[in-house]
Amino acid sequence: MFDRILPPTVACAHFIGDDPDASVFPSEEAVIAHAVESRAREFRTARACAHRAMRTLGISPAPVLSGEHGEPLWPLGIVGSISHCRGYRVAALAKNDAVLALGVDVERYEALPGGTPGTVCTSREMDWLASAPAGFHWDVLFFGAKEAVFKAWFAQHPGWLDFEDIEIAFESRPQSFSATVRAKGCVAKEYAGRFAIEPPFVGTAVVVMGADQNRPGKPTWKADLESRPISASQTSDGHRVRR
Ligand SMILES: CC(C)(COP(=O)(O)OP(=O)(O)OC[C@H]1O[C@@H](n2cnc3c(N)ncnc32)[C@H](O)[C@@H]1OP(=O)(O)O)[C@@H](O)C(=O)NCCC(=O)NCCS
Numbered sequence: 029m030f031d032r033i034l035p036p037t038v039a040c041a042h043f044i045g046d047d048p049d050a051s052v053f054p055s056e057e058a059v060i061a062h063a064v065e066s067r068a069r070e071f072r073t074a075r076a077c078a079h080r081a082m083r084t085l086g087i088s089p090a091p092v093l094s095g096e097h098g099e100p101l102w103p104l105g106i107v108g109s110i111s112h113c114r115g116y117r118v119a120a121l122a123k124n125d126a127v128l129a130l131g132v133d134v135e136r137y138e139a140l141p142g143g144t145p146g147t148v149c150t151s152r153e154m155d156w157l158a159s160a161p162a163g164f165h166w167d168v169l170f171f172g173a174k175e176a177v178f179k180a181w182f183a184q185h186p187g188w189l190d191f192e193d194i195e196i197a198f199e200s201r202p203q204s205f206s207a208t209v210r211a212k213g214c215v216a217k218e219y220a221g222r223f224a225i226e227p228p229f230v231g232t233a234v235v236v237m238g239a240d241q242n243r244p245g246k247p248t249w250k251a252d253l254e255s256r257p258i259s260a261s262q263t264s265d266g267h268r269v270r271r
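The numbering of the sequence shown is this note's numbering, which starts it at 29 and goes up by one.
Okay, structure coming up:
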């Protein structure tokens with residue numbers, strides 16, 4: 029699904045459900061040390077997707093830890109985004125000599141709980157919805173688009189946004205949208221995004237193309253110290269085993 033909406037410079041890997049064999053690095057495992065098992069499985073599966081995408085980019089898998097706001101911390105020279113919903117995990121990555129920021133979001137393609145887009149949409153978006161083409165779950169499309177924009181935004185401007193800070197305009201060009209972010213203290217910023225519907229899922233992606241002149245394009249993560257992810261499978265006495 030994401031292959032259809034991401035440019036070739038972005039490597040993407042997904043998994044339907046949870047991968048019982050997902051391997052993660054010890055430092056990644058530490059992130060979920062106190063997580064419930066369902067969250068741990070989700071996390072491991074998405075991290076394993078990120079490692080696969082790194083291989084596609086031609087780099088050795090390295091840990092992806094979590095920042096203080098929950099954002100993924102990518103190896104130097106890499107930008108990326110992770111998303112999961114019930115039944116689907118995805119990681120999308122690119123080198124920062126081609127992409128400045130990206131955001132992906134996956135949701136179940138069904139009406140949002142409560143069935144009203146009012147909490148997600150601005151008044152202008154609500155006006156557009158009044159005559160929007162029938163047959164789409166526009167509420168979840170607005171939601172997914174704003175989450176993807178937020179992730180791309182956060183990579184360059186760490187700070188929170190509210191739904192009303194992002195205005196989405198779906199385009200007549202198939203499955204495309206533009207987004208304007210108006211955040212306090214920042215000039216308005218424009219994004220372009222795409223979405224793909226493959227029931228029961230919808231994927232949304234926002235990619236900011238460009239080369240980061242200030243960052244090296246070569247990963248320098250201390251991969252040697254953690255060169256082998258550990259397996260998600262466990263020994264009978266409950267200890268993790270290395271593969
Ligand atoms: C962070 C947030 C975008 C996650 O979205 P979600 O739909 O709940 O969950 P998803 O599965 O799509 O994404 C989760 C992943 O987002 C990533 N993420 C978390 N915080 C992030 C941030 N600040 N910036 C970029 N990515 C972030 C993480 O990789 C996380 O997965 P992980 O914990 O396994 O690493 C969302 O919960 C959030 O807080 N948004 C900001 C507040 C908001 O909703 N504002 C209105 C819309 S802008």
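Just so you know, even glycine gets a beta-carbon here, dropped at the ideal spot from N, CA and C. As the structure is a computational prediction, the values presented were derived from the model and not from experiment.
- Within the region 181-217, the runs of beta strand (DSSP E) that reach at least 3 residues and sit entirely inside it are, in chain order, 194-198, 204-209.
- With fewer than three CB-CB distances shorter than 8 angstroms, the region 190-209 does not count as touching the region 79-98.
- The closest CA to that of residue 49, considering only 38, 40, 71, is found on 71.
- For residue 77, there is no enclosing beta strand (DSSP E); the enclosing alpha helix (DSSP H) has its first and last residue at 65-85.
- In the DSSP secondary-structure assignment, residue 40 is bridged to 120.
- Separation of residue 37 and residue 83 (C-alpha to C-alpha, rounded to the nearest whole angstrom) is 13 angstroms.
- Here residue 218 is exposed: its Cβ has fewer than 16 other Cβ atoms, across all protein chains shown, within 10 Å.
- In terms of Cβ geometry, residue 162 and residue 232 do not form a close pair [threshold 8 angstroms].
- Around the beta-carbon of residue 111, 16 or more other beta-carbon atoms lie within 10 Å, marking it buried.
- About 20 angstroms separates the beta carbon of residue 236 from that of residue 191, a gap too long to meet the 8 angstroms contact definition.
- Take residue 116, set aside five residues on each side of it, and the residues of its chain with a beta-carbon closer than 7 angstroms to its own are 42, 44, 134, 229, in chain order.
- When the five nearest sequence neighbours on each side are left out, the beta carbons in the same chain lying within less than 6 angstroms of the beta carbon of residue 80 are those of 41, in order along the chain.
- For residue 206, the shortest C-beta to heavy atom distance toward ligand 1 is 7 angstroms or greater.
- At least one heavy atom of ligand 1 is found less than 7 angstroms from the C-beta of residue 109.
- Exposed is the label assigned to residue 104, since fewer than 16 other Cβ atoms lie within 10 Å of its Cβ.
- Placement of the Cβ of residue 167 at a distance of 7 angstroms or more from every heavy atom of ligand 1 is found.
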